[in-house]
Amino acid sequence: MNPIAYFLVSGALLAIGIFGAVARRNIISVLMAIELMFNAANLNLIAANRLLYPDTAAGQTLAIFSITIAAAEAVVGLALVLAIYRKFDNVFVEKFNLLKG
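The opening position of the sequence shown corresponds to residue 231 in this note's numbering, with each subsequent residue numbered one higher.
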């Protein structure tokens, strides 16, 4: 398959992720949209490696590290969502916009 098609799919995933992060009010949906943007970046990374250096696996290796970092970010994000839910009894973004020390 042509790597340009992968770039188009990656751009579409990024656009959907940005729209989901901006339009959603539920913090869990926002975290899922951010994960979608990370996956778009990984797909773009692998497609660029395939286009520029088809014989090496450097892009795939870097994407695996990026997936690991994104998984750790998801765990931290869900822990924060759980703490916010316990404190405010909801997970809507507009309800906990006040920062208190």
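Glycine included, C-beta positions come from ideal geometry on N, C-alpha and C.
Does the separation of the CB atoms of residue i and residue j fall below 9 Å?
| i | j | result |
| --- | --- | --- |
| residue 265 | residue 309 | no |
| residue 311 | residue 257 | yes |
| residue 263 | residue 247 | yes |
With 16 as the cutoff for other CB atoms within 10 Å, does residue i come out buried or exposed?
| i | result |
| --- | --- |
| residue 252 | exposed |
| residue 295 | exposed |
| residue 282 | exposed |
| residue 270 | buried |
| residue 268 | buried |
Using the Cα positions of residue i and residue j, report the straight-line distance between them to the nearest angstrom.
| i | j | result |
| --- | --- | --- |
| residue 313 | residue 235 | 41 Å |
| residue 321 | residue 261 | 12 Å |
| residue 250 | residue 287 | 31 Å |
| residue 302 | residue 316 | 21 Å |
So residue i and residue j are in contact, right, with Cβ under 8 Å, and what is the actual spacing, rounded?
| i | j | result |
| --- | --- | --- |
| residue 273 | residue 243 | 7 Å |
| residue 324 | residue 254 | No, residue 324 and residue 254 are not in contact; Cβ-Cβ is about 11 Å, not under 8 Å. |
### Task
Inspect the CB distances between the segment 260-277 and the segment 234-250 and report whether three or more fall short of 8 Å.
A contact exists between the segment 260-277 and the segment 234-250.
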